[in-house]
Structures are given as structure tokens and as C-alpha cells.
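J.: The following block contains the structure, expressed as C-alpha cells.
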Amino acid sequence: MTRLRALSGLIEGLSERGATSVWMQFTADGVREFSYKKLAGQSRRLANGLIALGVSSGQPVALLAEPSFEWLVACLAAIRAGAMAMPLDVQMGSDVLEGIFDDSRAQVVFTTEDHLEQLPSVKQSERLTVILMDSDSGDHPRLQDHLSDTEQEIPSPKPDDSAALFYTSGTTGPPKGVPLTHGNLAFQLNVILDAGIVHKGDRVLLPLPLHHVYPLVMGTFAPLAVGLTIVRPKSLTGPQVVHAIKEGGVTVVAGVPRLYKALYEGIASRFESGGRIAAGLFNRALSFCKRVQDRTGKNPGRYLFKPIHSRFGPDLRLLASGGSELKPELARNLQGLGWNVAIGYGLTETSPLLTINFPESFRLGSVGRPVSGVEIRIDPSARPDEQTDEAGADENVQES
378 MTRLRALSGL IEGLSERGAT SVWMQFTADG VREFSYKKLA GQSRRLANGL
428 IALGVSSGQP VALLAEPSFE WLVACLAAIR AGAMAMPLDV QMGSDVLEGI
478 FDDSRAQVVF TTEDHLEQLP SVKQSERLTV ILMDSDSGDH PRLQDHLSDT
528 EQEIPSPKPD DSAALFYTSG TTGPPKGVPL THGNLAFQLN VILDAGIVHK
578 GDRVLLPLPL HHVYPLVMGT FAPLAVGLTI VRPKSLTGPQ VVHAIKEGGV
628 TVVAGVPRLY KALYEGIASR FESGGRIAAG LFNRALSFCK RVQDRTGKNP
678 GRYLFKPIHS RFGPDLRLLA SGGSELKPEL ARNLQGLGWN VAIGYGLTET
728 SPLLTINFPE SFRLGSVGRP VSGVEIRIDP SARPDEQTDE AGADENVQES
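For the sequence shown, this note's numbering gives the first residue as 378, with consecutive numbering after it.
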């Protein structure tokens, strides 16, 4: 694929994927599945509608809803129209949201009927247009109402133009806006494409909300750049996640450590509930697989634990982790069970990836090597007197 200079290159190339499935959503009624052709068409038509509505270049367009195909359409349409996509956490309170809307000066918000009550005073504002993605309610316009076939002049963004705006609170204070440019995000996608972590034909499980940069860029934009299918579970309960992995033919999971901790503990508890003999056999087999991997680099876990892979999804090969530290022993156990593990480290401000711990050269306790084009310097004066997990991670980056 041609290297990207701006996200517009990714969006304009969507139609070339045709009937390939882009979004598979498990629901209470079954499965909703959408093609790249539909995503390309609807995002183009909605971009026309947003420009006709008065959305201008650099203006933030808010998204306050759970991930869905409609959410993705609205996000790409906003970027295509030259605006900044502004994903928001649906768990934010009304007072926090009001501060964000005041700070960002957003004039358009895509939401769902379930989240209207979070905008009690904001939605009264004369300057804010509320667009519903899931309702036929007559109180607010719907996304479908703004799909337009009247072609508008689509801006041609420069690498330094802003494409997304993330509000993050870090560890203290109210959320602060972090704008990321087309160049920032295109750089990240080029890194993923060059790294070869995902392959043509992969199907990516995305069990995360999209108001953080990691799931939006790594779990959404990167699969789009390669032409992959994104699979969403009905809910984030263990059974529903497993159902989506197996029935969706998932090969890669873009997750966080808490998800993988629950996955491993669920597997181990099943053997423990089978009694002392079953638990003992499981632990011995797992220890054997880890020893073999340490000594030879080979991993027999996929064969010794074949019933587990059959239950969770025979196609699943890679567990990608980001967002926080993946404990070394947990990573080791997941590898022992026969899965490849990849770890990414970064910050919202770095959009986000700085380092990758690749499966083929995986090093326990490390966040990997800096990606191509990134330089990392450790500031010794910032190191605390006593070693912490974070300091250890810094040390591993330095040694890499």
C-alpha cells in the first residue's frame, strides 16, 4: 500500500475494498455486517452533509456513543470534511462534558438516544447541533438526514492539519484536549504497515471503547488501512467476547491487560474447578511449554492446548496489548498457552505508539524497541530513588 501522508488517503481508498466486510457487530438479534463499499459511500455522503451544515476545517465534531458502524461513518465523515473527530467517553458526567464542549467550542455532536441525558444543558445551546445515530425521534435530526449526494468541495488536508482531538485527564485535574494531526496519525499507520504485525485476511477483535487513541488508531484505523474486518462483541462479558472471537473468525485481538488477565484466569479456573488432578496436569503442561520456549524458541502450546484453542477460536494467533503494563508473568502464561503476544507502549500525545515488543523477538518485562522514526531518551534525573514498575519499563526501553 502507498505510504500515507494524511488520513484522507486512507479514507479515499476505502471504496477499493468493495464488498469486503469492514465491520461485524454481534447483537442480541444476531450479526450486523457492513462492507467497505457502504462505509466509503456513507462517509462520503455524510461529509457532504456536514460541509453543507457549515462544519469547517479544523472544527471539532464530537462523538458520544458506543462503537458502532454508524460511529465509524460519522468519525470518518468528520475527518473527510476537514474537521477534527472528537471521541468522548460515554461514562463522563454532564458537568465534565459541559466543560469539554465549552473548551473545544464543538458545534456538532453525534450521539444516541441513551446518551442525550448526559447533555442536559449543552444540548440546549443554540450553537450545538445534536445528530442521533440510532433513533427516529423527531426531536433531533438523524445521521441519515445529513447524507447528501450533492458533492461539496472536500478539503485537502496537510500533514500539520489537525485530524482528531482527544480529551484525557491523565492522573490529575479535568480532561485536557490533545489534538493530533494528519501527519501524526499517518505516521502511526505507516509504522504498523511496515511492521507487518497484521496480515491481509486478518480479522481483528476490537472490544474497547474508541475515546482513547490506542483503540481508535491501532484497533480501527490500522485495520482499515490494511483492508481487514473489525469484529465487535455484543458486550464485554467473557462469554460474549469468546463468542465473537470464535464465530467471527478472529485472528488478532486488540486489547488491554485487564482483558487478557480475565482470559487467562478464566482458563485456569476451569481446570482448577476440575479438581487437583486436572489443575496439576494444566500447570505441568504450561510449565513444560514455557521451558521449551525458553530453551528452543519453539512453542508447543498450540498443540498441547488444542482443546482451548478450539473453544476460544482456532484462528486466533495474536494478542496485542496496550494502554497499560502487561505483567511479564501474564504474558509468559499466554505465550505458554500457544498465542503470540505483542506489546505497544506510548502516550496520547505521541498518537500513540513509541515502542513495540514484537512476537518474534518478544522479551519479557520489556515494552520493546522504538519504532522506526522514533528516538527515545531516558532522563536520569526523573528516575525515582526506588525502582518502580514504570522505571523498570523505562530501563527496558533504554536497554533495547
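Ideal Cβ positions, reconstructed from N, Cα and C, are used throughout, including at glycine. Values in this document were obtained by computation on a predicted structure and should not be read as measured data.
Are the Cβ atoms of A451 and M401 separated by less than 8 Å?
T.: Cβ distance not < 8 Å, so A451 and M401 don't count as in contact.
J.: Does the beta-carbon distance from K623 to G678 come in below 8 Å?
T.: Cβ atoms of K623 and G678: not closer than 8 Å.
J.: Let me know the secondary structure DSSP gives R609 once reduced to three states.
T.: Three-state result, R609: strand.
J.: Identify which residue in G723, V408, S650, L441 has its Cα closest to the Cα of V473.
T.: Of the candidates G723, V408, S650, L441, the one whose C-alpha sits nearest the C-alpha of V473 is L441.
J.: Let me check understanding here. Comparing Cα to Cα, which of R482, S420, I685 lies closest to A332?
T.: Residue 332 cannot be examined here, being either before or after the span of the chain that is shown, 378 to 777.
J.: How would you label S481, buried or exposed, when you count the other beta carbons within 10 angstroms and need 16 or more for buried?
T.: S481 is buried by the Cβ-count criterion.
J.: Nearest-angstrom Cα distance between G625 and V608?
T.: About 7 Å.
J.: Select from R754, V748, I753, V399 the residue whose C-alpha is nearest the C-alpha of F564.
T.: Cα-wise, what sits closest to F564 is V748.
J.: Here's the rule I'm using: 16 or more other beta-carbon atoms within 10 Å means buried, otherwise exposed. How should H589 be labelled?
T.: Buried.
J.: Three-state secondary structure (DSSP) at F598?
T.: Reduced to three states, the DSSP call for F598 is helix.
J.: Taking the beta carbon of Y637 as the centre, do at least 16 other beta carbons fall within 10 Å, making it buried, or is it exposed?
T.: Y637 should be labelled buried.
J.: Under 8 Å between the Cβ atoms of V603 and P610?
T.: No; because the gap between Cβ atoms is not below 8 Å, this pair is not in contact.
J.: Can you find the residues in the same chain that come closer than 8 Å, C-beta to C-beta, to A719, ignoring five residues on each side of it along the sequence?
T.: Correct list, in chain order: I574, L695, L696, A697, S698, I733, N734, F735, P736, F739.
J.: Which stretch, first to last residue, makes up the alpha helix (DSSP H) that contains P705?
T.: Its alpha helix (DSSP H) spans residues 705-713.
J.: Which term fits Q764, buried or exposed, when burial requires 16 or more other beta carbons within 10 angstroms of its beta carbon?
T.: Caution is warranted here: a pLDDT of 39 is assigned to Q764, below 50, making its placement in the model unreliable, and the coordinate value is therefore given only provisionally. By the neighbour-count rule (16 or more Cβ atoms within 10 Å), Q764 is not buried but exposed.
J.: Would you call H576 buried or exposed, if buried means 16 or more other Cβ atoms sit within 10 Å of its Cβ?
T.: Exposed, because fewer than 16 other Cβ atoms sit within 10 Å of the Cβ of H576.
J.: Please report the distance separating the alpha-carbon of E642 from that of S650.
T.: Cα-Cα distance, rounded: 12 Å.
J.: Which residues mark the beginning and the end of the alpha helix (DSSP H) in which A751 is found?
T.: The identity of residue 751 in the sequence shown is Val, whereas the question assumes Ala. No alpha helix (DSSP H) contains V751, which DSSP labels as neither H nor E.
J.: Just to confirm, are V568 and T725 a CB contact at a threshold of 8 Å?
T.: No, these two residues do not count as a Cβ contact at 8 Å.
J.: Can you check whether the CB of L601 is closer than 8 Å to the CB of V633?
T.: No.
J.: Return the chain-ordered ranges of every alpha helix (DSSP H) run that is complete within the region 446-479 and spans a minimum of 4 residues.
T.: Those alpha helix (DSSP H) runs which fall completely within the region 446-479 and span 4+ residues are 446-457.
J.: Helix or strand or just coil, what does DSSP make of K414?
T.: The answer is helix: DSSP assigns K414 an H, G or I state.
J.: Comparing alpha-carbon positions, which option in D491, A417, I477 lies nearest A455?
T.: The shortest Cα separation from A455 among D491, A417, I477 belongs to A417.
J.: Give me the residue from F403, W716, H492, Q529 with the minimum Cα distance to R421.
T.: It is Q529.
J.: Looking only at its chain, what residues have a beta carbon closer than 6 Å to the beta carbon of A759, apart from the 5 residues adjacent to it on each side?
T.: Nothing meets the Cβ criterion.
J.: Please name the residue in A396, S546, K535, R688 whose C-alpha comes closest to that of I477.
T.: Checking every option, the nearest Cα to that of I477 belongs to S546.
J.: Can you tell me whether A655 is buried or exposed, with buried defined as 16 or more other CB within 10 angstroms of its CB?
T.: The residue is exposed, with fewer than 16 neighbouring Cβ atoms inside 10 Å.
J.: For A439, is the classification buried or exposed, using 16 other Cβ atoms within 10 angstroms of its Cβ as the cut-off for buried?
T.: Buried: at least 16 other Cβ atoms inside 10 Å.
J.: In whole angstroms, what separates the C-alpha of E490 from that of Q468?
T.: Near 15 Å, if we compare the C-alpha coordinates of Q468 and E490.
J.: Check the DSSP bridge columns for L696 and list the partner residues they point to.
T.: BP columns for L696 point to V630, V718.
J.: With a threshold of 16 other CB atoms inside 10 Å of the CB of G550, please say whether the residue is buried or exposed.
T.: By the 10 Å Cβ count, G550 comes out exposed.
J.: Output needed for R394: all residues of its chain with C-beta closer than 7 Å, excluding positions within five of it in sequence on either side, in chain order.
T.: These residues qualify, in order along the chain: Y413, G604.
J.: With 16 other CB atoms within 10 Å as the buried threshold, where does E447 fall?
T.: Per the 10 Å Cβ criterion, buried.
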